[in-house]
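For the sequence shown, position 28 matches number 28 in full-length UniProt numbering, and the numbering has no gaps at all. Note that beta-carbon positions come from the ideal geometry of N, C-alpha and C, so glycine has one too. One structure is given below, encoded as structure tokens.
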Amino acid sequence: MRVEIVDWQSKDEIFLVRNTVFTAEQGIDTNLDFDGLDEEAVHALVYDNDEPIATGRMLEDGHIGRIAVLISHRGKGLGTSIMEALVDEARLRSFSRVYLGAQVHALDFYQKLGFEPIGERYEEVGIEHQTMQLSLN
1 MRVEIVDWQS KDEIFLVRNT VFTAEQGIDT NLDFDGLDEE AVHALVYDND
51 EPIATGRMLE DGHIGRIAVL ISHRGKGLGT SIMEALVDEA RLRSFSRVYL
101 GAQVHALDFY QKLGFEPIGE RYEEVGIEHQ TMQLSLN
């Protein structure tokens, strides 16, 4: 397996993973997932034998999101690999912090990576979320 930092030219592979996880599995409307911000984002893609199996993105302000791992590949550390790749990219870009909106079932995952909750929980696309941030200073 390999992790690559890519741009929106890899949209077909990104769409495959996100559509499978967010739309088919979680029932999120495709129009809500693809919000028009992907073209300017930096993306991480994980491949297994040249097949895309996981993805995530980071916006120009350090907002990390759209972390998706195909169900057949969960529990193998791929979410951690995506996060590490995006945080490394943020450091290369001299960001002072990165932040994300975590689904509450994933709070422990992000806390193990050093993220801390900030603010109140909120609902997005019918799912409870918590804003979390990681200082890079």
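For secondary structure counted as the alpha helix (DSSP H) over 4 or more consecutive residues, the segment 71-134 holds these complete runs in sequence order: 78-92 and 107-112.
For A44, the three-state secondary structure derived from DSSP is strand.
With a cutoff of 8 Å on beta-carbon distance, R57 and R66 are scored as near each other. Looking at the backbone, the Cα of L59 and that of I118 are separated by about 19 Å.
As DSSP reads the structure, G62 sits in no beta bridge.
Under DSSP, R57 shares a beta bridge with H43 and G65.
In this structure H63 is in contact with Y99, their Cβ atoms being roughly 6 Å apart against a cut-off of 8 Å.
Assignment of beta-bridge partners to R2 by DSSP yields Y47. About 6 Å separates the CB atoms of T20 and L70; that is less than 8 Å, so the two are in contact. With contacts defined by Cβ atoms closer than 8 Å, R2 and Y47 form a contacting pair.
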